[in-house]
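Heads up: take any position in the sequence shown, counting from 1, add 8, and you land on this note's numbering. For glycine and all other residues, C-beta sits at the position ideal for the given N, C-alpha and C.
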Amino acid sequence: MKRLLIILFSLLTFSCATSKDEVPKIDFEKFEFFYIKNGDKFNFYFVFNPIYKKLSDTINIDKIILTFNSKSLKDKITLNLENVFATTFQNSESTYQQTYIFYGHLTSMDLNGTEPEDIMVEAKASYKKITFKRKETFPSLQLQPNYAKLEFLKLYPKFNLISDELIELDLFAIRVVPHSGEYLPSSEIIRAELYNFKSGKRISSSEGKNFLQVITDVEPKVVGDFKIFSTQINLSKQQIMERNLIRYIIPAIPNNYSVELNFWKDK
Numbered sequence: 009m010k011r012l013l014i015i016l017f018s019l020l021t022f023s024c025a026t027s028k029d030e031v032p033k034i035d036f037e038k039f040e041f042f043y044i045k046n047g048d049k050f051n052f053y054f055v056f057n058p059i060y061k062k063l064s065d066t067i068n069i070d071k072i073i074l075t076f077n078s079k080s081l082k083d084k085i086t087l088n089l090e091n092v093f094a095t096t097f098q099n100s101e102s103t104y105q106q107t108y109i110f111y112g113h114l115t116s117m118d119l120n121g122t123e124p125e126d127i128m129v130e131a132k133a134s135y136k137k138i139t140f141k142r143k144e145t146f147p148s149l150q151l152q153p154n155y156a157k158l159e160f161l162k163l164y165p166k167f168n169l170i171s172d173e174l175i176e177l178d179l180f181a182i183r184v185v186p187h188s189g190e191y192l193p194s195s196e197i198i199r200a201e202l203y204n205f206k207s208g209k210r211i212s213s214s215e216g217k218n219f220l221q222v223i224t225d226v227e228p229k230v231v232g233d234f235k236i237f238s239t240q241i242n243l244s245k246q247q248i249m250e251r252n253l254i255r256y257i258i259p260a261i262p263n264n265y266s267v268e269l270n271f272w273k274d275k
């Protein structure tokens with residue numbers, strides 16, 4: 009009887025270990041985690057974008073919980089960052105890209121008069137029985153714009169192959185700092201250009217479309233806010249097998265904003 013119990017315990021331990029090993033190792037420290045301040049409002053963003061070797065390894069996180077701690081705070085302050093942008097796709101012959109963006113905000117009033125310099129921020133997310141955590145000082149999370157790269161907007165692309173004939177493309181844009189004098193010269197808000205390395209063909213989302221010659225603002229305009237732009241590319245007369253590159257462009261003047269994405273389409 010004792011021997012049977014030992015065997016059962018060993019099998020149970022092995023089963024638990026195997027189940028635990030199914031969750032890929034994620035370094036929660038390497039992801040973008042920042043806030044953009046506008047007046048007394050703190051806009052928090054967490055960009056969860058790991059790369060996996062198998063599609064089945066992808067992790068579904070619903071939200072990220074921020075906890076603010078300080079000796080001068082009587083009670084802990086918590087903030088839920090909600091998932092506002094999500095995509096998962098094959099970005100090479102052997103890897104998959106996942107991108108989840110989480111957002112939430114609080115104000116100086118929510119801090120109950122406590123100075124940010126005295127606060128530690130803990131970010132926590134859970135998946136199955138695994139909890140991911142990281143701690144940062146509040147001031148260290150403030151985003152420092154890269155003016156040398158004209159980083160007035162931060163851009164994150166999304167790709168969705170709806171069918172063999174249609175690609176849907178979304179672009180998540182965050183306003184980092186104001187840029188006075190910029191504008192869009194037409195009603196074309198976003199453009200996507202697809203290049204297939206095998207055929208050498210280039211396809212643009214603007215092909216065959218007419219745009220109004222009107223001057224409009226580049227959005228989002230308010231610092232710390234985000235906006236999602238969408239467009240499509242028709243593939244009915246194209247072959248885009250294997251390696252592809254997509255460039256997303258906000259055709260602003262005096263400077264375009266752009267970001268690139270790689271994706272792989274099996275034969």
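Residue ranges of each beta strand (DSSP E) within the stretch 118-172, 3 or longer: 128-135, 138-145, 161-171
Supposed close pair residue 61, residue 103 - CB separation, criterion 8 Å: 6 Å
Cβ contact (3+ pairs, closer than 8 Å) linking the stretch 48-68 and the stretch 247-259: Flag = no, the stretch 48-68 and the stretch 247-259 do not touch.
Alpha carbon of residue 274 to alpha carbon of residue 199, nearest angstrom: Within the model, the alpha-carbon separation for residue 274 versus residue 199 is close to 25 Å.
Pair within 7 Å by beta-carbon distance, residue 124 and residue 146: yes
Continuous beta strand (DSSP E) stretch holding residue 174: start and end: 174-183
Spatial neighbours of residue 160 in its chain, beta-carbon cut-off 7 Å, leaving aside the 5 residues before and after: Contacts found: 184, 185, 187.
Residue range of the beta strand (DSSP E) that includes residue 112: That run of the beta strand (DSSP E) goes 104-115.
First and last residue of the uninterrupted beta strand (DSSP E) at residue 191: Looking at the DSSP string, residue 191 is not in any beta strand (DSSP E), and its letter there is neither H nor E.
For residue 240, the first and last residue of its enclosing beta strand (DSSP E): Residue 240: member of the beta strand (DSSP E) spanning 234-242, first to last residue.
Residues near residue 243 in its chain [Cβ-Cβ closer than 8 Å; skip 5 each side]: 172, 173, 174, 175, 211
Beta strand (DSSP E) segment containing residue 38, residue limits: Note, residue 38: premise wrong, no beta strand (DSSP E); not H, not E.
Bridge partner(s) assigned by DSSP for residue 49: According to DSSP, residue 49 bridges with 46, 115.
For residue 201: DSSP bridge partner residues: 212, 255
Three-way DSSP call (helix, strand, coil) for residue 207 in this model: coil
Which listed residue (140, 120, 269, 179) has its alpha carbon closest to that of residue 77: Answer by Cα proximity: 120.
Residue 83 to residue 162 span [Cα, whole Å]: 34 Å
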